[in-house]
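Residue numbers (my numbering), protein chains in the order written: chain G, 1289 to 1553; chain C, -15 to 313.
Idealized CB from N, CA, C, for every residue including glycine.
Fair warning: this is a prediction, and the values are worked out from it, not measured in the lab.
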């Protein structure tokens, strides 16, 4: 009985990544000891953990502005990305005009133009939000367009034969069928928005984890830097999980959330 | 031409290229700068152009850097033979265990200043009150800034502070989002002038009792044991390059612009080179050759770092742990 409990814990879905992380940390420690990597190049895991504990209040406090900027950029990505994708998906004319330009804009390295955001929008949260938006909105557009374009045409024919209005067709067929793709885009978007917010903070900001990273870098405090990176990644994971939970709640019928799939995934 | 012949030709070409490099038996040396090339680095280009390094049997390869911190780490890890970096930054890294040491200090008077356009009429520390100052968090200037405030009787809430990276700082002042920035007299002052054609008026930290060394030449400590002769030869050439650049700044700037045309505008770069040469001498050794730093100057620098610059008192050690004049001509 006890062994069964242990096995269930060890192989449960949430334990697997934790086990992998622990293994990677052990490998990290091992590599540092084996190759005698000095702490000014890569800090030891225990030094990072120590900073995580000691600097926890600062880290937590600086996480707030970064998270807010991320969420702001993500909200903006949704507000702009989804309507834009809808228009692109339903109008070939708009698509031919806008889509190439969109891809072009996405290939512009954000880090190169980020300093200008501060020039245009001043210091404070706005340049960070825009930076997060710039990175976050493209995956939403691409996935949403794909979602609406891959709606089963037979279903649309069926709706037409039943004299459904355009709104009804949209609400009952197109939107539900596009939802999984939209959520796939949202998940990519939220992780990129975190990166965008930090890019914004690197460039010009008085607060946030990006700001803390810059200071840690300047004083060769590598443990603090890695601690901040850990918290940052934690924020990314947390936000991703939240989007995932919302997805399960909104489209519980989708294949990816059925239990039989989860068990073999 | 068939495939075999092409391979043979390529191999021959490779042999020729590597052959010429090795045939001369020169020491191949990488000098990693602290930043993208600007007037402060002109002496090294002059030394290379005039063959000072060649004469010492050194094949010098100058690489642009991305900040003193990165340069120090690269030298500590052996990626670059010599580094040209902010010595206080190197001291911070060394106190954390990086095996690096300064073998020559180029700027012995601090170029740090707080600067804005002259038209704003900010000439004395008191004028800073009520203004906005742009700083880069974590860099050497932002760490010494509180000392300048203390020495001049200013308080943090006398003015507004905004933070951003090196480029943002310049942009903020150019666009009027900030009145002042923390910068070097021969770097940011010139960049602001080049961008706007407006006069820049720096308030120098050194004029208000902040004595601290700045850029210098750094090496991995092991190099002093394994190749002491090469370090000496390099420093002989470097000293000559600095001396000649101080005498003939125009030649230095021309050599720099020839090697790297994007590194500045001739007129203002020339001003920058002249400003740089003024900093070659410290307060305690006015008659020494360049790169030879005074003991008092280094002791004061270390003390300031302990008091303000984020250097642990416990691991600070002695000034001699961080520099040596023994390899200078």
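Legend entry - 8 angstroms contact criterion, which residue 124 of chain C and residue 195 of chain C should meet: CB distance rounded: Numbered from 1 along the second chain, position 140 holds the residue referred to as residue 124 of chain C. Numbered from 1 along the second chain, position 211 holds the residue referred to as residue 195 of chain C. Approximately 14 angstroms separates the beta-carbon atoms of residue 124 of chain C and residue 195 of chain C; this is outside 8 angstroms, ruling out the contact.
Legend entry - Extent of the continuous alpha helix (DSSP H) run through residue 116 of chain C: Mapped onto the second chain, residue 116 of chain C falls at position 132. Note, residue 116 of chain C: premise wrong, no alpha helix (DSSP H); beta strand (DSSP E) at 116 to 119.
Legend entry - Where residue 1450 of chain G falls, given that 16 or more other Cβ within 10 Å makes a residue buried: As a working note, residue 1450 of chain G is residue 162 in the first chain. Here residue 1450 of chain G is exposed, its C-beta having fewer than 16 other C-beta atoms within 10 Å.
Legend entry - residue 180 of chain C: CB within 8 angstroms of a non-hydrogen atom of the ligand ADP: The ligand ADP is not part of the structure shown, which contains no ligands of any sort.
Inset, instruction - Give the DSSP-derived three-state secondary structure of residue 167 of chain C in the structure shown. - result: Within the second chain, the letter at position 183 stands for residue 167 of chain C. In the displayed model, residue 167 of chain C falls within a strand according to three-state DSSP.
Inset, instruction - Give, in chain order, every residue of the region 292 to 313 of chain C whose Cβ lies closer than 7 angstroms to some Cβ of chain G. - result: Taking 7 angstroms as the Cβ-Cβ cut-off against chain G, the residues of the region 292 to 313 of chain C that qualify are 294.
Inset, instruction - For chain G, find out if any of its Cβ atoms is closer than 9 angstroms to the Cβ of residue 212 of chain C; answer yes or no. - result: Here the question's residue 212 of chain C lines up with position 228 in the second chain. Interface annotation, residue 212 of chain C: not in contact with chain G, CB-CB separation never under 9 angstroms.
Inset, instruction - State buried or exposed for residue 281 of chain C, treating a residue as buried only when at least 16 other CB atoms are found within 10 Å of its CB. - result: Your numbering for residue 281 of chain C matches position 297 in the second chain. Counting C-beta atoms within 10 angstroms of its own C-beta, residue 281 of chain C has 16 or more neighbours from the protein chains shown and is therefore classed as buried.
Legend entry - CB contact below 9 angstroms: residue 1507 of chain G versus chain C: For the purposes of this step, residue 1507 of chain G is taken as the residue at position 219 of the first chain. It does; some Cβ of chain C falls within 9 angstroms.
Legend entry - Presumed contact (8 angstroms Cβ cut-off) between residue 31 of chain C and residue 221 of chain C, rounded CB distance: Sequence index remark: in the second chain, residue 31 of chain C carries index 47 (1-based). Sequence index remark: in the second chain, residue 221 of chain C carries index 237 (1-based). Indeed they touch by this definition, with Cβ atoms about 6 angstroms apart.
Legend entry - Within chain C, the residues that residue 1329 of chain G reaches when beta carbons sit closer than 9 angstroms: Start at 1 with the first residue of the first chain, and residue 1329 of chain G comes out as number 41. Correct list: 57, 60, 61, 82.
Legend entry - chain C contacts from the region 1492 to 1506 of chain G (Cβ-Cβ distance under 8 angstroms): Cβ contacts with chain C come from 1492, 1493, 1494, 1499, 1502, 1503, 1504, 1505, 1506.
Legend entry - The alpha helix (DSSP H) enclosing residue 1528 of chain G, as first and last residue numbers: The residue you call residue 1528 of chain G lines up with position 240 of the first chain. For residue 1528 of chain G, the enclosing alpha helix (DSSP H) covers residues 1510 to 1538.
Inset, instruction - Compare the beta carbon distance of residue 109 of chain C and residue 192 of chain C with 9 angstroms and say whether it is the shorter of the two. - result: The residue you call residue 109 of chain C lines up with position 125 of the second chain. The residue you call residue 192 of chain C lines up with position 208 of the second chain. The Cβ atoms of residue 109 of chain C and residue 192 of chain C lie closer than 9 angstroms to each other.
Inset, instruction - Identify, in the order they occur along the chain, each residue of the same chain with its Cβ nearer than 8 angstroms to the Cβ of residue 1295 of chain G, setting aside the five sequence neighbours on each side. - result: Counted from its first residue, the first chain places residue 1295 of chain G at position 7. Closer than 8 angstroms at Cβ, skipping near neighbours: no residue.
Legend entry - residue 69 of chain C - partner residues in DSSP beta bridges: In the second chain, residue 69 of chain C corresponds to position 85, counting from 1. The partner list for residue 69 of chain C (beta bridge, DSSP) reads C:200.
Inset, instruction - Report the three-state DSSP secondary structure of residue 145 of chain C (helix, strand or coil). - result: The sequence position of residue 145 of chain C within the second chain is 161, counting from 1. Note: residue 145 of chain C maps to strand in three-state DSSP.
Inset, instruction - Would you mind stating whether residue 287 of chain C and residue 60 of chain C have Cβ atoms separated by less than 9 angstroms? - result: If you number the second chain from 1, residue 287 of chain C lands on position 303. If you number the second chain from 1, residue 60 of chain C lands on position 76. The answer is no: Cβ separation not under 9 angstroms.
Inset, instruction - Check each residue of the region 234 to 267 of chain C: if its Cβ is closer than 9 angstroms to any Cβ of chain G, include it; give the result in chain order. - result: With the criterion set as a beta carbon lying under 9 angstroms from some beta carbon of chain G, the region 234 to 267 of chain C has no members that meet it.
Inset, instruction - Label residue 175 of chain C either buried or exposed according to how many other C-beta atoms from any shown protein chain fall within 10 Å of its C-beta, with 16 as the threshold for buried. - result: The sequence position of residue 175 of chain C within the second chain is 191, counting from 1. So residue 175 of chain C ends up on the buried side.
Inset, instruction - For residue 1406 of chain G, go through chain C and note every residue whose CB falls closer than 8 angstroms to its CB, in chain order. - result: In the first chain, residue 1406 of chain G corresponds to position 118, counting from 1. 148, 152, 155, 156, 161, listed in chain order.
Legend entry - For residue 138 of chain C and residue 188 of chain C, the rounded distance between their alpha carbons: Position 204 of the second chain holds residue 188 of chain C. Position 154 of the second chain holds residue 138 of chain C. Annotation: residue 188 of chain C to residue 138 of chain C spans about 15 angstroms, alpha carbon to alpha carbon.
Inset, instruction - Using the DSSP secondary-structure output, state which residues sit across from residue 296 of chain C in a beta bridge. - result: Taking the first residue of the second chain as position 1, residue 296 of chain C is located at position 312. Looking at the DSSP output, residue 296 of chain C sits in no beta bridge, so it has no partner there.
Inset, instruction - Ignore the nearest five residues each way along the sequence and tell me which others in residue 1242 of chain G's own chain have a CB closer than 8 angstroms to its CB. - result: Nothing can be reported for residue 1242 of chain G: it is not among the residues displayed for chain G, which extend from 1289 to 1553.
Legend entry - Euclidean distance between Cα positions of residue 1324 of chain G and residue 1335 of chain G: Taking the first chain and counting its residues from 1, one reaches residue 1324 of chain G at position 36. Taking the first chain and counting its residues from 1, one reaches residue 1335 of chain G at position 47. Those two C-alpha atoms are separated by around 15 angstroms.
Legend entry - Secondary structure of residue 12 of chain C, DSSP reduced to three states: Counting from 1 along the second chain, the entry for residue 12 of chain C is found at position 28. Three-state result, residue 12 of chain C: strand.
Inset, instruction - Would you mind sorting residue 1312 of chain G into buried or exposed? The rule is 16 or more other CB atoms within 10 Å of its CB. - result: As a working mapping, residue 1312 of chain G is identified with position 24 in the first chain. With fewer than 16 Cβ atoms within 10 Å of its Cβ, residue 1312 of chain G is classed as exposed.
Legend entry - Host beta strand (DSSP E) of residue 282 of chain C (start-end): Start at 1 with the first residue of the second chain, and residue 282 of chain C comes out as number 298. Annotation: residue 282 of chain C is outside any beta strand (DSSP E); the continuous alpha helix (DSSP H) that includes it extends over 279 to 291.
Inset, instruction - Check the Cβ of residue 122 of chain C against every Cβ in chain G and list those closer than 8 angstroms, keeping chain order. - result: What you label residue 122 of chain C is simply residue 138 of the second chain in a count that begins at 1. 1502, 1503, 1504, 1505, 1506, 1507, listed in chain order.
Inset, instruction - Would you check if there are 3 or more beta carbon pairs closer than 8 angstroms linking the region 1414 to 1427 of chain G to the region 111 to 128 of chain C? - result: With the cut-off at 8 angstroms, the region 1414 to 1427 of chain G and the region 111 to 128 of chain C do not touch.
Inset, instruction - Going by CA-CA distance only, name the one from C:242, C:312, C:279 that's closest to residue 22 of chain C. - result: The count along the second chain starts at 1 and reaches residue 22 of chain C at position 38. Between residue 22 of chain C and the set C:242, C:312, C:279, the nearest pair of CA atoms involves C:242.
Inset, instruction - Could you tell me which chain G residues have their CB closer than 8 angstroms to the CB of residue 53 of chain C, listed as they occur along the chain? - result: One-based indexing of the second chain puts residue 53 of chain C at position 69. Simply 1505, 1506, 1508.
Inset, instruction - Identify the contact partners of residue 1292 of chain G in chain C, using a Cβ-Cβ distance below 7 angstroms as the criterion. - result: Start at 1 with the first residue of the first chain, and residue 1292 of chain G comes out as number 4. Within chain C, no residue comes near residue 1292 of chain G; the closest Cβ sits about 49 angstroms away, beyond 7 angstroms.
Legend entry - Three-way DSSP call (helix, strand, coil) for residue 1422 of chain G in this model: Sequence index remark: in the first chain, residue 1422 of chain G carries index 134 (1-based). Three-state result, residue 1422 of chain G: helix.
Inset, instruction - Using 10 angstroms around the beta-carbon of residue 179 of chain C, count the other beta-carbons present and answer buried if the total reaches 16, otherwise exposed. - result: As a first step, residue 179 of chain C must be located in the second chain, where it is residue number 195. So residue 179 of chain C ends up on the exposed side.
Inset, instruction - Give the DSSP-derived three-state secondary structure of residue 124 of chain C in the structure shown. - result: Here residue 124 of chain C corresponds to residue number 140 of the second chain, with the count starting at 1. Helix, per DSSP.
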